[in-house]
Amino acid sequence: MMRLDKFLSETRTLSRTETAKAVKQGIITVNGIIAKKPNSPVNEEKDVVCVSGRVIEYNKYRYIMLNKPEGYVSATDDKSAPFVTQLLSGELQKFELFPVGRLDKYTVGLMILTDDGQLAHRLLSPKHHAEKVYYFKCEKSLERIPELESGVHIEGGYLTKPCRVKRLSEFEGEITLTEGKYHQIKQMLYAVGNKITYLERIRFADIPLDPCLERGEWRFLTEKEVENLRKI
946 MMRLDKFLSE
956 TRTLSRTETA
966 KAVKQGIITV
976 NGIIAKKPNS
986 PVNEEKDVVC
996 VSGRVIEYNK
1006 YRYIMLNKPE
1016 GYVSATDDKS
1026 APFVTQLLSG
1036 ELQKFELFPV
1046 GRLDKYTVGL
1056 MILTDDGQLA
1066 HRLLSPKHHA
1076 EKVYYFKCEK
1086 SLERIPELES
1096 GVHIEGGYLT
1106 KPCRVKRLSE
1116 FEGEITLTEG
1126 KYHQIKQMLY
1136 AVGNKITYLE
1146 RIRFADIPLD
1156 PCLERGEWRF
1166 LTEKEVENLR
1176 KI
């Protein structure tokens, strides 16, 4: 149970001040009955709350899958290109959504966006080992796979953690990481004398990129997908 004004505030529908005004106007109903007080008790799991006839579903947090196109950045402090949240619909702009991890401007594919800071922190924590899988194309023949898998030195002398590399063709592969250093895959291929020409994230933890999503499109995660993320 929670107060009506808190319910509407947490769903980013109305601020507490706006709720008080809306109650006076008689435009809020709970189970078909006009609400009389902003602090009226609401069961967020059972009660049907409407504002001006529109049903307000209670979701404290939002979880979104985005198929990131090239040319967008996922860093809020980077002003060189459009930010990935600009791809979301206008009604979502009022939520403080942020990407879980980063993809650089030229990397495409799966991104998870949320306003659930606790889950995002858990997914990015090294101790939880959330896997990220990437499909890539490289300039030269894909060789020295054992070196990549055991770890190579990249910028700053950092030795990358063990990973898995699958050779798909002479110039294509998949790599599975449990960490995410700056431009890590590009640096790893460079360390073995090669160069990335195309990079796409195709899986995050147990969630694959939805093949129905075109570049720039998004959808909400299903309850099962969110549940799987919480199990990590």
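Convert by adding 945 to the 1-based position in the sequence shown; the result is the number in my numbering. Ideal Cβ placement from N, Cα and C applies to all residues, glycine included. Being a predicted model, the structure only gives us computed values, none of them experimental.
Out of curiosity, what's the CA-to-CA distance linking residue i and residue j?
i, j, result
"Gly1161", "Pro1014", "5 Å"
"Cys1083", "Ile1141", "4 Å"
"Glu1100", "Ile1130", "12 Å"
"Val968", "Thr1121", "53 Å"
"Leu953", "Leu1174", "26 Å"
"Thr1059", "His1073", "18 Å"
"Arg1109", "Glu1088", "14 Å"
"Val1078", "Glu1036", "31 Å"
"Phe1081", "Lys1039", "35 Å"
"Glu963", "Asp992", "20 Å"
"Arg961", "Glu1168", "28 Å"
"Leu1154", "Gly1138", "29 Å"
Given a threshold of 16 other Cβ atoms within 10 Å of its Cβ, counted over all protein chains shown, does residue i qualify as buried or as exposed?
i, result
"Leu1104", "exposed"
"Tyr1008", "buried"
"Lys1085", "exposed"
"Leu959", "buried"
"Phe1165", "exposed"
"Met946", "exposed"
"Gly1054", "buried"
"Ile979", "exposed"
"Asn976", "exposed"
"Thr1052", "buried"
"Pro983", "buried"
"Glu1145", "buried"
"Leu1113", "exposed"
Excluding five sequence neighbours on each side, which residues of the same chain lie with their C-beta closer than 7 Å to the C-beta of residue i?
i, result
"Ser1019", "Val1029, Pro1044, Arg1047, Leu1048, Met1056"
"Tyr1003", "Phe952, Thr956, Glu989"
"Met1133", "Leu1093, Val1097, Ile1099, Thr1105"
"Ile1177", "Arg1067, Leu1068, His1073, Ala1075, Ala1150"
Among the options, which residue has its Cα nearest to the Cα of residue i?
i, options, result
"Gln1063", "Gly1054, Leu1042, Val1078, Tyr1079", "Leu1042"
"Pro1071", "Ser954, Glu1094, Leu1174, Glu1124", "Glu1124"
"Glu1119", "Ala967, Leu1093, Thr962, Gly1102", "Leu1093"
"Gln970", "Val996, Lys951, Arg957", "Val996"
"Trp1163", "Val1097, His1128, Arg1109, Leu1032", "Leu1032"
"Pro1027", "Gly1035, Phe1081, Tyr1017", "Tyr1017"
"Lys1024", "Glu989, Asp992, Lys1050, Thr974", "Lys1050"
"Pro1091", "Lys1077, Tyr1127, Ala1136, Arg1067", "Ala1136"
"Val1000", "Thr974, Asp950, Glu1117, Lys1077", "Thr974"
"Lys966", "Met1010, Asp950, Glu1168", "Asp950"
"Pro1107", "Ser1034, Ile1177, Glu1076", "Glu1076"
"Gly998", "Met1010, Ile972, Lys981", "Ile972"
Quick one: residues in its chain with C-beta nearer than 6 Å to the C-beta of residue i, no 5 flanking neighbours on either side, listed in chain order?
i, result
"Glu1170", "Ile1152"
"Asp1061", "Tyr1006"
"Leu1158", "Asn1012"
Any heavy atom of the ligand HEM closer than 7 Å to the Cβ of residue i?
i, result
"Ile1177", "In terms of ligand content, the structure shown is empty, and the ligand HEM therefore cannot be addressed."
Have a look at the DSSP bridge pairing and note the partners of residue i.
i, result
"Cys1083", "Ile1141"
"Arg1146", "Gly1054, Tyr1079"
"Cys1108", "Cys1108 is not bridged to any residue."
"Val993", "Answer by DSSP bridge pairing: none, since Val993 is not bridged."
"Gly1118", "Phe1081, Arg1112"
"Leu1011", "Met1056, Trp1163"
"Thr974", "Ile979, Cys995"
"Val1000", "Cys995"
Leaving out the 5 sequence neighbours to the left and right, which residues in its chain are closer than 8 Å to residue i when beta-carbon positions are compared?
i, result
"Ser985", "Arg948, Leu949, Val975"
"Glu1117", "Tyr1080, Phe1081, Lys1082, Cys1083, Leu1087"
"Glu1115", "Ser1086, Leu1087"
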